[in-house]
Each structure stands twice: as C-alpha cells, then as structure tokens.
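In the working numbering, the protein residues as written are 5 to 297. Beta carbons are placed, not taken as given, at the ideal position from N, Cα and C, and that holds for glycine.
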C-alpha cells in the first residue's frame, strides 16, 4: 500500500489494480471512500481497462478469435509496479505480459498517476500502445463514496448530485439487466440536480452521455461534507450503487467507453460503442479529480 499525504488530505493507493483505497480529510479524520464489503461491493475505486461494463457472455471477438473477459476488464485485478513516489504523488505502471495477452492481444503500457493538491486528489491514466497494429480499448474510473463515513449518520436520501451546468442537458442510456438496452432518451437534470434514492438504481446504473457539465458534486443540504468530481472530457458518466433498501455508498464513474448492448453476441471489439482506436506507438491519456469539502 502506497501512502500519500499533504497538510490537508491523506490517501492510500493499493498496488493491486493501482486502486485508490482511502481518502481522508485531515481536519476531521473522516474517510470519504467506500471501504469495500463483499456483501455489497468488494471494491473501492477500481480502474476500468481495457473495457467498461459487461460483455455478452463475458467474451468479445477480435480478428476472428473469441477472448474471455470479465466486467470492467482485467487491470483492476493486476499488480502494478510503483514507478515513482514522493510525499504527494506516485506513479503506478502495468505492462502487457503473457497473462494479459491470453485475454487481450495487444501490447501496451498503462500508467496511473496520483497527485495531491490541497483537498484534491488528481488521477491520470496514460495508455501507451507499444504494438504494431491498431489497439482497441476503453478506460474509466469508478470511485465509491461512503455516506456514513463521510457524514456519520447520513444515508442516500440525504444526498443529491449537482451538475455545474444549471441547464444540464444529457442523454440517458437505457439499461437492461446491466447492459445497454439500445434506447436513448432525453435526460435533462432540472436545475442541474439529481436527487439520490435507492429506487434510482432498481434497474442498475444511471448512465448518461452528451452531457454539458464539467464537474459533478455529491452534496447534502443536511450534512456538511461531500465531494466534487471532474468529468470534463469524458463522453459517458455512470452513477451506481447496489440496489438494496438502504444503499451505503454511491459511485461516480467517468468513462471513455460503455457496456455492451444486450444481445450483441458476439461482441466485436472494434465495433463497440465508445471504443478508442489507438494506432501503433500512439498514446492516450485522461484524468479526473476528487475534491473534498
């Protein structure tokens, strides 16, 4: 576990998946990040690569061959090396190897950079294509925020999401059984707000695209603490928690890519919605930030 600290926040990052494991506001000692629970959701803030979401039958087709892959790809289950580290920053790296090539036939180097600035943790993912043919991938972030740790005594009904564009237009992607249904509807947020409740997630995640906001804030009118997250430059945003009577956390997920359409079988990698095509020796980067208050 790598520990980062400045005078305002303390952060831990696990080498397994280069996963953000803890985000604490020093002045209160409050933990903001969901700490994982097998009963609800075992992860905390996985990095999604080289797919986002589910594949039909957990497999995809590329160059005439079928490959198996679980939800959100394999990076979250791989050990990253620590390439650089100082008090307020660290870089983690994963390179393609024999294990990855069995399920994903591309050569790559994936770096994840963490940087603390005041009450903000910035996270950047860099994909370097080291192969000789076009590489296809998706990538995204998936941090979960714990209501009761962030604000003791609070629950999902105390919170809302506030988008920075007051007239926050967006298209809502239809979801069926955890996959895209193939439908898209207008999903403008009145006054830029999305109140949270358990029923929001009765059909799995809320997924939007073509949104105009650059930031989204998880806040409460009853409790003081929350987070603001950068979603600028991402074509998709997922909002998710486990559908139970009293959800304990919510995930805010900016994505480059999206889950498969139900029934698209086999999933053809190069035709997946939102897929990134990266030429030989090319590179791609994306970043988000989490600001505590």
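For this session: Flag this pair as touching only if the segment 284–291 and the segment 194–209 have three or more C-beta atom pairs under 8 Å; answer yes or no.
Result: no
Problem set entry | Cβ shell of residue 240 (< 8 Å), same chain only, five flanking positions each side left out | Residue 240 sits at position 236 when you count from the first residue of the chain shown. These residues qualify, in order along the chain: 56, 144, 177, 211, 212, 213, 258, 259, 260, 261, 262 and 278.
For this session: Could you check if residue 194 is buried or exposed, using at least 16 other CB atoms within 10 Å of its CB as the buried criterion?
Result: Taking the chain shown and counting its residues from 1, the one referred to as residue 194 is at position 190. By the neighbour-count rule (16 or more Cβ atoms within 10 Å), residue 194 is not buried but exposed.
For this session: Out of 290, 297, 184 and 274, state which residue places its alpha-carbon closest to the alpha-carbon of residue 66.
Result: By one-based count along the chain shown, residue 66 stands at place 62. Looking at the Cα atoms, 274 is the closest of the given residues.
For this session: Would you be able to state if there are at least three C-beta pairs under 8 Å between the segment 88–101 and the segment 59–76?
Result: no
Exercise. Does the count of Cβ pairs from the segment 117–124 and the segment 6–20 closer than 8 Å reach three?
Worked result: yes
Exercise. Cα separation between residue 298 and residue 96?
Worked result: The shown model of the chain, from 5 to 297, leaves out residue 298, and the question about it has no answer.
Exercise. Going straight from the alpha carbon of residue 62 to that of residue 75, what length do you get?
Worked result: Start at 1 with the first residue of the chain shown, and residue 62 comes out as number 58. Start at 1 with the first residue of the chain shown, and residue 75 comes out as number 71. Cα-Cα distance, rounded: 7 Å.
Exercise. Does the beta-carbon of residue 249 have 16 or more other beta-carbons within 10 angstroms, so that it is buried, or is it exposed?
Worked result: As a working note, residue 249 is residue 245 in the chain shown. Burial call: exposed.
Exercise. At what residue ranges does the segment 21–109 contain a whole run of the beta strand (DSSP E), taking only runs of 3 or more?
Worked result: 23–29, 63–66, 69–72, 85–90 and 93–99
Exercise. Rounded to a whole number of angstroms, what is the C-alpha to C-alpha distance between residue 226 and residue 162?
Worked result: In the chain shown, counting from the first residue as 1, residue 226 sits at position 222. In the chain shown, counting from the first residue as 1, residue 162 sits at position 158. In a straight line, the C-alpha of residue 226 is about 7 Å away from that of residue 162.
Exercise. Under the three-state reduction of DSSP, which class applies to residue 273: helix, strand or coil?
Worked result: Taking the chain shown and counting its residues from 1, the one referred to as residue 273 is at position 269. Helix, per DSSP.
Exercise. What residues match up with residue 223 in a beta bridge as DSSP calls it?
Worked result: Position 219 of the chain shown, counted from the start, is the residue given in the question as residue 223. 164, per the DSSP bridge assignment.
For this session: Compute the distance between the beta-carbons of residue 160 and residue 209, then report whether it is under 8 Å.
Result: Start at 1 with the first residue of the chain shown, and residue 160 comes out as number 156. Start at 1 with the first residue of the chain shown, and residue 209 comes out as number 205. The answer is no: Cβ separation not under 8 Å.
For this session: Can you grab the Cα-Cα spacing for the pair residue 168 / residue 125, in whole Å?
Result: For the purposes of this step, residue 168 is taken as residue 164 along the chain shown, with counting starting at 1. For the purposes of this step, residue 125 is taken as residue 121 along the chain shown, with counting starting at 1. Straight-line Cα distance between these residues: approximately 19 Å.
Exercise. If you draw a straight line from the C-alpha of residue 59 to the C-alpha of residue 31, how long is it?
Worked result: Counting from 1 along the chain shown, the entry for residue 59 is found at position 55. Counting from 1 along the chain shown, the entry for residue 31 is found at position 27. Computed Cα separation, rounded: 43 Å.
Problem set entry | Cβ distance (whole Å) where residue 49 is taken to contact residue 133 below 8 Å | If you number the chain shown from 1, residue 49 lands on position 45. If you number the chain shown from 1, residue 133 lands on position 129. Not quite, the Cβ-Cβ distance comes to about 25 Å (not below 8 Å), so this is no contact.
For this session: Would you mind sorting residue 251 into buried or exposed? The rule is 16 or more other CB atoms within 10 Å of its CB.
Result: Residue mapping note: residue 251 aligns to position 247 of the chain shown, counting from 1. The residue is buried, with at least 16 neighbouring Cβ atoms inside 10 Å.
Problem set entry | Local Cβ density within 10 Å of residue 88, reported as buried at 16 or more and exposed below that | Residue numbering aside, residue 88 sits at position 84 when the chain shown is read from its first letter. Residue 88 is exposed by the Cβ-count criterion.
Problem set entry | Spatial neighbours of residue 218 in its chain, beta-carbon cut-off 8 Å, leaving aside the 5 residues before and after | Here residue 218 refers to the residue found at position 214 when the chain shown is read from its first residue. Around residue 218: 168, 169, 234, 235 and 236.
Problem set entry | Reference residue 222; option with closest CA among 216, 130, 253 and 207 | Position 218 of the chain shown, counting from 1, holds the residue named residue 222. It is 253 whose Cα lies nearest to the Cα of residue 222.
Problem set entry | Nearest-angstrom beta carbon gap, residue 220 and residue 166 [assumed within contact, 8 Å] | Taking the first residue of the chain shown as position 1, residue 166 is located at position 162. Taking the first residue of the chain shown as position 1, residue 220 is located at position 216. That belief holds up - the Cβ atoms of residue 166 and residue 220 are roughly 7 Å apart, short of 8 Å.
Problem set entry | C-alpha distance - residue 54 paired with residue 141, whole-angstrom precision | Within the chain shown, numbered from 1, the residue matching residue 54 stands at position 50. Within the chain shown, numbered from 1, the residue matching residue 141 stands at position 137. Cα to Cα, residue 54 sits roughly 5 Å from residue 141.
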